[in-house]
Amino acid sequence: FLFSIMAADAIVHLEIGARVEKFTVLKKLGEGTFGAVYKVKSDDGGEEAALKTESITMKLLAIELRVMQLLKEANSQNCCLLIDKGKTETFNYIVMKLVGQSLQDMKKMGPDKHMSPGCALSSSIQCLNALKELHDVGFLHRDIKPGNYAVGQEEKGELRRCYLLDFGMCKPFRGKVDNTQSCMGGKFRGTPRYAPLASHKLAEHARKDDIESWFYMLVDFCNASLPWKVATDLTEIGNIKTDCRKGKMFEAMMKEVPVECGKILEHIDGLSFSADPDYALMTKIMRDAITSHNLKEFPYDWEPQNVEVATPVAKSAKCEGFTQDRTTDNEHFRPRQTSKKVMAKKNSGTKSDSKYSKVSKVSSIMGMKKTTKKAEKSKMIEKKEEKKKAATPEKKKKK
């Protein structure tokens, strides 16, 4: 093996061309605190994949492996799936589906470095569905943020598919628990910008906390300006998040977000520690917002314009509003007909005409009046010309 292990951080470093069982390393994709990810190719001619490594002394990859095995068995549609696993004398590794760029990068491709409203809501529906799939197999993520979601590969036409990644901080959630403030050993969990209030209180996480982080992500997709964005102190960030639940602070946070989405935060804050989140309700709120505001959902901000791309179909997903085949021909995505001509035609022949058909009738009457006046004026001009012609010979005779 052409690799070395850095003793200081226990990260496994593989060189380009290194062999790991049947996989050949093509390039390095990224590096975290405890491991690195490489793009690899299988000897059997399979698709390119991502290989994640971890020193044999670490145990985080075992958690990630267990979660990904369960997600694969559940036929997850929005979570990155496992392809292979193994270990050498010095490191453990898992091989998983290769995805595209993170949503953290993708959101910068929209207007003013945030997503357009339709794109933000549509991609957030998929991100929520990924969380439901994870919760359904009994695990919390505990580090939900745009950087832990990615779109599929462009060359495979997967730019409309969003995947949840990085299950290293996952933890099984318990059933009904009375102690909602169980200490997490005094450690802050998650990423400050998107962490739930529970993290700021050093409290145990529940499913509602994953969803709270997801909600902050949704807001960030829409306006790229969370009120605590520039704050650095954890206590200050937590206080601002608390203040953003009402009044002007709430309005400032939601300034670019469809007003209906405020109900989602109400639902999250109303959940008890062990309560089941209503994923279908939250999905419906976003789907209704897309429809009622006539938001343009496709193409997504990051995909080439006027190019056909496969729309994701979640076969096993149970989130209402995401189980259908949502192509651009679907009624949900078809722009509402607001043309006056269309509305007038639709309501013609009925007893109660719409305002559009009335406008059409008035316009027709006005047009008829204008035509009549023009005809009368034309006749008057013709009569004058005839009189002039008749008078001309008489003048010549007098001379």
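Here the sequence shown stands for residues 838 to 1236, where the numbers follow our numbering.
Note that beta-carbon positions come from the ideal geometry of N, C-alpha and C, so glycine has one too.
Spatial neighbours of residue i in its chain, beta-carbon cut-off 7 Å, leaving aside the 5 residues before and after
i       : result
His1104 : Asp1115, Leu1118 and Met1119
Ala1043 : Phe1010, Phe1110 and Ser1111
Cys906  : According to the sequence shown, residue 906 is Gln rather than Cys. Here the set comprises Leu919.
Asp1099 : Here residue 1099 turns out to be Gly, not Asp, going by the sequence shown. Met1091, listed in sequence order.
Beta-carbon spacing of residue i, residue j below 8 Å
i       : j       : result
Ile931  : Glu910  : no
Glu970  : Cys916  : yes
Ile848  : Ala873  : yes
Val877  : Leu863  : yes
Pro954  : Pro1095 : yes
Val988  : Gly937  : yes
Ile1127 : Ser959  : yes
Val974  : Leu1039 : no
Asp980  : Gly1027 : yes
Lys944  : Met933  : no
Met946  : Asp1113 : no
Met1006 : His978  : yes
Ala1061 : Lys950  : yes
Continuous beta strand (DSSP E) stretch holding residue i: start and end
i       : result
His850  : Val849 to Leu851
Lys876  : Gly872 to Ser879
Asp921  : Leu919 to Lys924
Tyr1137 : Per DSSP, Tyr1137 belongs to no beta strand (DSSP E) and is neither H nor E.
Lys945  : Lys945 -> no beta strand (DSSP E), and no H or E assigned at all.
Leu863  : Phe860 to Glu868
Ala987  : Tyr986 to Val988
Cys999  : Cys999 to Leu1001
Residue range of the unbroken alpha helix (DSSP H) whose run includes residue i
i       : result
Thr1069 : First-last for Thr1069: undefined, no H or E at that position.
Met952  : No alpha helix (DSSP H) holds Met952; DSSP gives it neither H nor E.
Asn1060 : Arg1044 to Asn1060
Thr890  : No alpha helix (DSSP H) contains Thr890, which is instead part of the beta strand (DSSP E) from Ala886 to Ser892.
Val904  : Leu897 to Glu910
Glu1103 : Gly1099 to Asp1106
Met933  : Premise fails: Met933 lies in the beta strand (DSSP E), Phe928 to Lys934, not in any alpha helix (DSSP H).
Same chain only: Cβ atoms within 8 Å of residue i, ignoring 5 sequence neighbours per side
i       : result
Ser961  : Trp1051, Met1054, Leu1055, Phe1058 and Met1123
Thr1079 : Leu1034
Arg1082 : Leu1102 and Asp1106
Leu1071 : Phe1025, Pro1029 and His1037
Local conformation of residue i per DSSP, three classes
i       : result
Phe1010 : coil
Leu965  : helix
Phe1110 : coil
Tyr1031 : coil
Met1119 : helix
Ser959  : helix
Phe1087 : helix
Thr977  : The residue you asked about is not Thr; residue 977 is Leu in the sequence shown. Strand.
Integer Cβ distance of residue i from residue j, believed to fall under 8 Å
i       : j       : result
Ala887  : Leu935  : 5 Å
Asp1125 : Glu1097 : 6 Å
Leu1002 : Asn985  : 5 Å
Glu891  : Phe928  : 6 Å
Nonlocal neighbours in the same chain, by C-beta distance under 6 Å from residue i, ignoring five residues either side
i       : result
Gln963  : Asn915 and Cys999
Glu995  : Gly989
Lys1183 : Bear in mind that the predicted position of Lys1183 carries a pLDDT of just 38, short of 50, making it unreliable; the figure below should be weighed with that in mind. So the list is empty, once near-sequence residues are dropped.
Met1086 : Asp1080
Closer than 8 Å to chain C by CB, residue i
i       : result
Phe1025 : The displayed structure is made up of one protein chain only, and chain C is not part of it.
Residue i CB to nearest heavy atom of the ligand GDP below 7 Å
i       : result
Met1054 : Here there are no bound small molecules, and the ligand GDP is not part of this structure.
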